[in-house]
Amino acid sequence: MASSTSWKRDFASGLIVLLPLLVTVYVILYLYSILASAAVIPAIDSELLAALGLPSGTSSVELARVFTTLIIFILIVFSIGYLMRTAFGDIVERAIDDAMNHVPGLRVVYNASKMAVETAVGGTDELQAPVKLEVWDGMRMTAFKTGQTTDDGREVLFLPTAPNITTGYVVEVEPSRYEEIDERVEEALTRILSAGFGDTERSTATPIPVADEDDLADD
Numbered sequence: 001m002a003s004s005t006s007w008k009r010d011f012a013s014g015l016i017v018l019l020p021l022l023v024t025v026y027v028i029l030y031l032y033s034i035l036a037s038a039a040v041i042p043a044i045d046s047e048l049l050a051a052l053g054l055p056s057g058t059s060s061v062e063l064a065r066v067f068t069t070l071i072i073f074i075l076i077v078f079s080i081g082y083l084m085r086t087a088f089g090d091i092v093e094r095a096i097d098d099a100m101n102h103v104p105g106l107r108v109v110y111n112a113s114k115m116a117v118e119t120a121v122g123g124t125d126e127l128q129a130p131v132k133l134e135v136w137d138g139m140r141m142t143a144f145k146t147g148q149t150t151d152d153g154r155e156v157l158f159l160p161t162a163p164n165i166t167t168g169y170v171v172e173v174e175p176s177r178y179e180e181i182d183e184r185v186e187e188a189l190t191r192i193l194s195a196g197f198g199d200t201e202r203s204t205a206t207p208i209p210v211a212d213e214d215d216l217a218d219d
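Residues 1 to 219 in full-length UniProt numbering are what the sequence shown spells out, letter by letter.
What follows is the structure, given as structure tokens:
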């Protein structure tokens, strides 16, 4: 009995530590493979690296492509961001929005993606504040403010599903229907992504019940 309890304890403890690491590593490797095979930088090959006096192995080529792709992406983002600060950039943005909104189907994806990015990087508490929404008597769900209101004064909230936060519901509710909470966005997202089991604070994590082997032996 004691050895069985110890085995379950060790397995559960190891799984809690190892599984999140494996998922994180998998996502990083997946993104790395996409960047390494990017067709936008075919000029970076083993011959070019050898000519520059750098290691020319396959892994070196992949690393160089990933690094170059990231640098190019960052430069493009900063360049477009600087352009958007000008009057010409504002005209270009409106033209792109108008063009995308005339494409059936695709405009939904475009507008949803744009709103998601604006919410994520906006940096305002109003757009990112998590709240508790009472959907039924005594039942509350985690939602997020969007910063939008309807003509009749209702707040527009995003109510994500768990554990997939890319889907959910956009709801219009009276301000009295939800409760402001003293919680960071990271904490709320962690709870949703983990289906209620995760916590950003290690000290508040759910402890694993462990029976002392000496007590079991005495029993």
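Just so it is clear, CB atoms sit at the ideal spot from N, CA and C, and this is done for glycine as well. These numbers were taken from a predicted model, which means no experiment stands behind them.
Distance between beta carbons of T149 and L157, contact taken as under 8 Å: Residue 157 sits at position 157 when you count from the first residue of the sequence shown. Residue 149 sits at position 149 when you count from the first residue of the sequence shown. With a Cβ gap of about 11 Å, L157 and T149 do not count as contacting.
What is the residue span of the alpha helix (DSSP H) that L48 lies within? On the sequence shown, position 48 is the one that residue 48 refers to. Segment 46 to 51, the alpha helix (DSSP H) holding L48.
In this structure, what does DSSP give as the bridge partners for S134? Taking the first residue of the sequence shown as position 1, residue 134 is located at position 134. The amino acid occupying residue 134 in the given sequence is Glu; Ser does not appear at that position. Paired residues: R140.
Contacting residues, own chain, Cβ-Cβ under 8 Å from V17 (five flanking each side not counted): As a working note, residue 17 is residue 17 in the sequence shown. Here the set comprises nothing.
Look at A129 and Y178 and say whether their C-beta atoms are less than 8 Å apart. To locate residue 129, count along the sequence shown from 1; it is residue 129. To locate residue 178, count along the sequence shown from 1; it is residue 178. Taking 8 Å as the Cβ cut-off, A129 and Y178 do not qualify as a contacting pair.
Between I74 and I181, what straight-line distance do the alpha-carbon atoms span, to the nearest angstrom? The residue labelled residue 74 in the question sits at position 74 within the sequence shown. The residue labelled residue 181 in the question sits at position 181 within the sequence shown. When rounded, the distance between both Cα atoms is 35 Å.
Going by DSSP, what residues sit across from P55 in a beta bridge? Working through the sequence shown from its first residue, we reach residue 55 at position 55. The partner list for P55 (beta bridge, DSSP) is empty, contrary to what the question assumes.
Cβ separation of L49 and V61, assumed to be a contact under 8 Å, to the nearest whole Å: If you number the sequence shown from 1, residue 49 lands on position 49. If you number the sequence shown from 1, residue 61 lands on position 61. Sure, about 6 Å apart at Cβ, within 8 Å.
Straight-line gap, Y169 to P55 (C-alpha atoms, nearest Å): Within the sequence shown, numbered from 1, the residue matching residue 169 stands at position 169. Within the sequence shown, numbered from 1, the residue matching residue 55 stands at position 55. Using only the alpha carbons, I get a separation of about 51 Å.
Kindly indicate which residue of T69, S46, P175 has the alpha-carbon position closest to the one of L133. Counting from 1 along the sequence shown, the entry for residue 133 is found at position 133. The residue among T69, S46, P175 with its C-alpha nearest the C-alpha of L133 is P175.
Starting from E187, trace the beta strand (DSSP E) in both directions and tell me its first and last residue. As a working mapping, residue 187 is identified with position 187 in the sequence shown. Taken as a continuous stretch (DSSP letters only), E187 belongs to no beta strand (DSSP E), being part of the alpha helix (DSSP H) at 185 to 193.
Would V117 be called buried (16 or more neighbouring beta carbons within 10 Å of its own) or exposed? Position 117 of the sequence shown holds residue 117. Label assigned to V117: exposed.
Sequence-distant residues of its chain with Cβ nearer than 6 Å to V135 (five each side left out): Walking along the sequence shown from the start, residue 135 turns up at place 135. Taken in chain order, the residues that qualify are M141.
Burial state of P160, where buried means 16 or more other Cβ atoms lie within 10 Å: What you label residue 160 is simply residue 160 of the sequence shown in a count that begins at 1. Buried, by the Cβ-count rule.
For E174, the three-state DSSP class (helix, strand or coil): Position 174 of the sequence shown, counting from 1, holds the residue named residue 174. It is coil, neither helix nor strand.
Just reading off the alpha helix (DSSP H) that F88 is part of, what are its end residues? Position 88 of the sequence shown, counted from the first residue, corresponds to residue 88. Start and end: 87 to 101.
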